[in-house]
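In my numbering, the protein residues as written are 337 to 642.
All C-beta atoms in this analysis are idealised placements derived from N, C-alpha and C, irrespective of residue type, glycine included.
Predicted model, so just to flag it, every value in this text is computed and none were measured.
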């Protein structure tokens, strides 16, 4: 550890041993938190997850994570053919909900969330049965492989009963690039969340984007990379709205350090980022360049659905 500023280390690790294959899941996970990838996968350092303080309103209120977990459970039950009455009975039996009217209200709220989300899956491509295909893409540095669920040949959808976030959109983008390469440009992808939905447009040279990400993945396995999904997304979105680097950096800092719109969860408070970067400010030129490289193509190929 660097004692002056609290950074975990100053020098890059030696180049990792050659990997013939990297799983698609591991590749995506690295981009959703490069710091945890470096510490966990490359150094074997696992940090305890911080626990949320119990909400004094319990059991009359579900926190965000509990709401999303309940909605995911309801969606799974629905897809398994379990009706609403049976689902309510199963959820009550699990102790997730309080008794009485309050429990009924919380159940109805999340059931409505699931119904709205699944409405988007009524599009023609998703009325067929999904299938799992094997991905195998040669990126030069390694082969990217793993299963990917598709509909109607090469239609891919990333859907969850939760709000959209940068990590989810990044994961969908990487899978979109893969399906574009695998299908030779005919595949398409959709991103469905409770608050926003996108169609990802065809990419002219998807392999170039994937190889660029592969180079960044290799760097992530050797040293801290100044890429943080939430702050990087905020930077790129602001830059796309108005070509003003200073304003975009201010928006990124709000997400990194916390601001009036990001009170509870500033990204810098993630324990893996804290351990790697200490008291330093990593939102520098490299951060801005990396955000543009990774996020801007995602935004340029995202078409918001009504």
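Span separating the alpha-carbon of residue i from that of residue j
i	j	result
residue 556	residue 355	14 Å
residue 419	residue 486	26 Å
residue 478	residue 441	50 Å
residue 412	residue 497	10 Å
residue 604	residue 564	9 Å
residue 549	residue 426	43 Å
residue 526	residue 535	5 Å
residue 566	residue 554	21 Å
residue 574	residue 437	43 Å
residue 622	residue 581	13 Å
residue 642	residue 398	29 Å
residue 381	residue 547	28 Å
residue 583	residue 577	10 Å
residue 433	residue 495	24 Å
residue 560	residue 587	22 Å
residue 393	residue 435	Note that residue 393 scores a pLDDT of 47, beneath 50, so its modelled location is shaky; the value from the coordinates is reported in the next line. The alpha-carbon atoms of residue 393 and residue 435 are separated by roughly 15 Å.
residue 443	residue 430	13 Å
residue 428	residue 445	15 Å
residue 467	residue 562	37 Å
residue 347	residue 417	54 Å
Nearest to residue i (by Cα), restricted to the options the options
i	options	result
residue 484	476, 477 and 471	471
residue 488	633, 583, 596 and 459	459
residue 629	571, 435 and 453	571
residue 439	454, 415, 403 and 642	403
residue 400	601, 642, 640 and 617	601
residue 579	632, 545 and 435	632
residue 372	634, 639 and 608	608
residue 541	551, 552, 562 and 514	514
residue 476	431, 596, 552 and 493	552
residue 482	358, 377 and 467	358
residue 545	634, 429 and 379	634
residue 456	562, 606, 376 and 531	531
residue 375	417, 639 and 606	606
residue 640	562, 500 and 416	500
Reduced DSSP category for residue i - H, G, I as helix; E, B as strand; rest coil
i	result
residue 560	coil
residue 478	coil
residue 394	In this predicted model, residue 394 has a pLDDT of only 48, less than 50, meaning its place in the structure is not dependable; the value taken from the coordinates is given anyway. Three-state DSSP puts residue 394 in coil, outside helix and strand.
residue 528	strand
residue 484	strand
residue 432	coil
residue 540	coil
residue 511	helix
residue 586	helix
residue 520	coil
residue 622	helix
residue 493	strand
residue 357	strand
residue 596	coil
residue 473	strand
residue 499	coil
residue 615	coil
residue 451	helix
residue 385	coil
residue 463	helix
residue 446	helix
Assumed close pair residue i, residue j - CB separation to whole angstroms, cut-off 8 Å
i	j	result
residue 516	residue 523	6 Å
residue 624	residue 585	7 Å
residue 349	residue 558	5 Å
residue 363	residue 469	Actually they are not in contact, since the Cβ atoms of residue 363 and residue 469 sit about 17 Å apart, beyond 8 Å.
residue 520	residue 473	Residue 520 to residue 473, Cβ: 12 Å. No contact.
residue 637	residue 537	5 Å
residue 360	residue 480	6 Å
residue 568	residue 626	7 Å
residue 461	residue 421	Actually they do not touch by this definition, with Cβ atoms about 31 Å apart.
residue 454	residue 414	7 Å
Contact test: residue i Cβ vs the ligand SAH heavy atom, cutoff 7 Å
i	result
residue 534	What this structure holds is no ligand at all, so the ligand SAH is not there to describe.
May I ask you to verify whether the segment 442-449 touches the segment 407-417, counting CB pairs closer than 8 Å and requiring at least 3?
Touching, yes, given that three or more Cβ pairs across the two stretches are closer than 8 Å.
Pair every Cβ in the segment 588-597 with every Cβ in the segment 360-371, then say whether three or more of these pairs are closer than 8 Å.
The segment 588-597 makes no contact with the segment 360-371; the number of CB pairs closer than 8 Å stays below 3.
Under 8 Å: do the segment 609-628 and the segment 494-510 share three or more Cβ pairs, one atom per stretch?
With a cut-off of 8 Å, the segment 494-510 and the segment 609-628 do not count as touching, because too few Cβ pairs lie within range.
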